[in-house]
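What follows is a short report on a single structure.
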Amino acid sequence: MIQENIMKVLKAKQLGLFTTIREDFPHSCFMIFFFKGLTPYIATSKNSQKVDDIKNNPNVHILLGHDGDRLDDNFVEMFAKAVIIENASSEEKVWTEELSRWLEGPDDPNYVLIQMNPVKIGYIENAGDEPTFISL
Numbered sequence: 023m024i025q026e027n028i029m030k031v032l033k034a035k036q037l038g039l040f041t042t043i044r045e046d047f048p049h050s051c052f053m054i055f056f057f058k059g060l061t062p063y064i065a066t067s068k069n070s071q072k073v074d075d076i077k078n079n080p081n082v083h084i085l086l087g088h089d090g091d092r093l094d095d096n097f098v099e100m101f102a103k104a105v106i107i108e109n110a111s112s113e114e115k116v117w118t119e120e121l122s123r124w125l126e127g128p129d130d131p132n133y134v135l136i137q138m139n140p141v142k143i144g145y146i147e148n149a150g151d152e153p154t155f156i157s158l
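Residue numbers (the numbering used here): 23 to 158.
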């Protein structure tokens, strides 16, 4: 049941908060996420600070779902280990026009994927509730 609820959030929400560790402190930014099952991916430039952050510390955190429309909206948080994929195959690459602000296209030589391998995923039914976690 919890995994079904998690999947509903992941399918409904692509925009989320992505947090890396930079100079011993959390650093967050909004990102567009793409999922293969429970595994999230983001596309970015290999010159982005996120890539350097992950090379220094692969531990990342993701928040998805709560968009501020309602205070009691459900959401998912994920603790994961990030991996940088520099030579992704065309089948692995994800592309939306929103990414054209940072990359020239899916064949841009600076295009990299960041794959996040979940360690622990929490589902929160209502803001203020304690999360229910699954470990992977």
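Beta carbons are placed, not taken as given, at the ideal position from N, Cα and C, and that holds for glycine.
Note that the structure is a prediction, hence the values are computed from the model and not measured.
According to DSSP, Ser67 shares a beta bridge with Tyr133. Within the same chain, Cβ atoms closer than 6 angstroms to the Cβ of Asn27 are found at Tyr145, the five residues on either side in sequence being excluded. When secondary structure is reduced to three states using DSSP, Asn81 falls in the strand class. Beta-bridge pairing by DSSP links Gly150 to no other residue. The three-state secondary structure of Asn27, taken from DSSP, is helix. Remark: C-beta atoms of Ile76 and Ile136 approach each other more closely than 8 angstroms. Taking a 10 Å sphere around the C-beta of Gly38, we find 16 or more other C-beta atoms and assign the residue as buried.
Straight-line measurement puts the Cα of Pro153 at about 19 angstroms from the Cα of Asn139. If you check the CB distance, Pro80 and Lys103 come in under 8 angstroms.
Relative to Asn69, the option among Phe101, Asn148 and Leu125 whose CA is nearest is Leu125. The shortest C-alpha to C-alpha distance from Ala149 to any of Met29, Leu60, Ile143 and Gly87 is the one to Gly87. The continuous stretches of beta strand (DSSP E) do not include Arg123, and DSSP gives it neither H nor E. Residue Val105 holds the alpha-carbon nearest to the alpha-carbon of Asp74 among Val105, Leu85, Phe97 and Thr61.
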